[in-house]
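Below: the structure, in C-alpha cells.
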Amino acid sequence: MKKEKFSFEFTSYDNKAELENNQRQVLEEADKISQNAYAPYSNFKVGAAVQLENGEIFSSSNQENAAYPVGSCAERGLLAYVNANFPNIKITKLAVSTPNINYPLPPCGMCRQYILEMEKKQNSSIELLLAGNESEVFVLNSAKDLLPLHFTDEFLG
Ligand code: THU
Numbered sequence: 002m003k004k005e006k007f008s009f010e011f012t013s014y015d016n017k018a019e020l021e022n023n024q025r026q027v028l029e030e031a032d033k034i035s036q037n038a039y040a041p042y043s044n045f046k047v048g049a050a051v052q053l054e055n056g057e058i059f060s061s062s063n064q065e066n067a068a069y070p071v072g073s074c075a076e077r078g079l080l081a082y083v084n085a086n087f088p089n090i091k092i093t094k095l096a097v098s099t100p101n102i103n104y105p106l107p108p109c110g111m112c113r114q115y116i117l118e119m120e121k122k123q124n125s126s127i128e129l130l131l132a133g134n135e136s137e138v139f140v141l142n143s144a145k146d147l148l149p150l151h152f153t154d155e156f157l158g
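54 is the number that the working numbering gives to position 53 of the sequence shown; each next residue is one higher, with no gaps.
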C-alpha cells in the first residue's frame, strides 16, 4: 500500500488589469456576454468565451429551461458550437466569468469533463481563465488539473 498525492499549480491574479492584454480581451468577452445569460430560474449568470488559434473569439452564456436538466452551462453550449463549426481549429483559451460571486467561478464537473474532451481531441491544453465579479482571476494550464484521475477515450480500447 502507498499513499498517492495529486497537486497542481495555477496563477492567481489580483484583478483583470494584471492579465496579459490577450487574456484580458477574452475574459472581457465572457464578462460581457454573462449579462445576457438566460438564467431565469437560478438567476446565476455565467459567460464563457474561447479564443481559437487563429485569434478569433466566440462567446456564449448559460441557457436554462423550465425543465431544469434541459438547461446548459455556458461552457458546454459554447464548446459544442465551436467544435461543430471549427472542428479543425484549436482552442487556446477559455474564459469563464460570473457577476454573481466575488470568487473565480469553478466550472462544474460536467464542464470539466467536456473541456478535457476538447483538449484530448485537439491534442493540446486549453488555458482556463476563471473570474467572478471584481474578483481575483485564476489562470490554469489545463482542464486536466481540475479533474484528477480523469476518464478519457484511452480507457475505451
Ligand atoms: N453554470 C454554468 O453556466 N457554468 C458552470 O460551470 C457552473 C454553473 C450555470 C448552470 C446554471 O444555469 C447556473 O449556472 C446555476 O447552476
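Heads up, the beta-carbon is just placed ideally off N, CA and C, and yes, glycines get one too.
All of these numbers come straight from a predicted model, not from anything done at the bench.
For ligand 1, I want to know if residue i counts as a neighbour, meaning its beta carbon is within less than 7 Å of at least one of the ligand's heavy atoms.
i, result
"glycine 133", "no"
"proline 41", "no"
"lysine 53", "It is leucine, not lysine, that sits at residue 53 in the sequence shown. No - ligand 1 has no heavy atom lying nearer than 7 Å to the Cβ of leucine 53."
"asparagine 63", "yes"
"glutamate 21", "no"
"glutamate 128", "no"
"valine 144", "It is worth fixing the name first, because residue 144 is alanine in this sequence and not valine. No, Cβ of alanine 144 sits at least 7 Å from all heavy atoms of ligand 1."
"leucine 79", "no"
"proline 105", "no"
"phenylalanine 59", "no"
"phenylalanine 45", "yes"
Roughly how many whole angstroms lie between the Cα atoms of residue i and residue j?
i, j, result
"alanine 40", "proline 100", "12 Å"
"glutamate 76", "valine 97", "7 Å"
"leucine 147", "glutamate 65", "24 Å"
"alanine 31", "aspartate 15", "18 Å"
"isoleucine 90", "phenylalanine 139", "25 Å"
"histidine 151", "glutamine 114", "8 Å"
"alanine 38", "asparagine 63", "5 Å"
"lysine 145", "lysine 94", "14 Å"
"isoleucine 102", "phenylalanine 7", "27 Å"
"serine 136", "proline 105", "6 Å"
"threonine 12", "asparagine 142", "9 Å"
"glutamine 52", "phenylalanine 59", "7 Å"
"tyrosine 82", "glutamate 5", "38 Å"
Assuming residue i is part of the alpha helix (DSSP H), what are its boundary residues?
i, result
"valine 27", "22-35"
"lysine 4", "Looking at the DSSP string, lysine 4 is not in any alpha helix (DSSP H), and its letter there is neither H nor E."
Please report the residue range of the beta strand (DSSP E) in which residue i lies.
i, result
"leucine 79", "From DSSP, leucine 79 is part of no beta strand (DSSP E) but of the alpha helix (DSSP H) over 75-86."
"tyrosine 14", "12-14"
"glutamine 217", "The question about residue 217 has no answer, for the chain in this structure spans 2 to 158."
"serine 143", "Careful: serine 143 lies outside any beta strand (DSSP E) and carries neither H nor E."
"alanine 132", "128-132"
"phenylalanine 59", "58-62"
"glycine 48", "48-53"
"threonine 99", "Counting along the chain, threonine 99 falls outside any beta strand (DSSP E), and DSSP gives it neither H nor E."
Legend entry - the region 18-25 / the region 44-51 touching (three or more Cβ pairs under 8 Å): no
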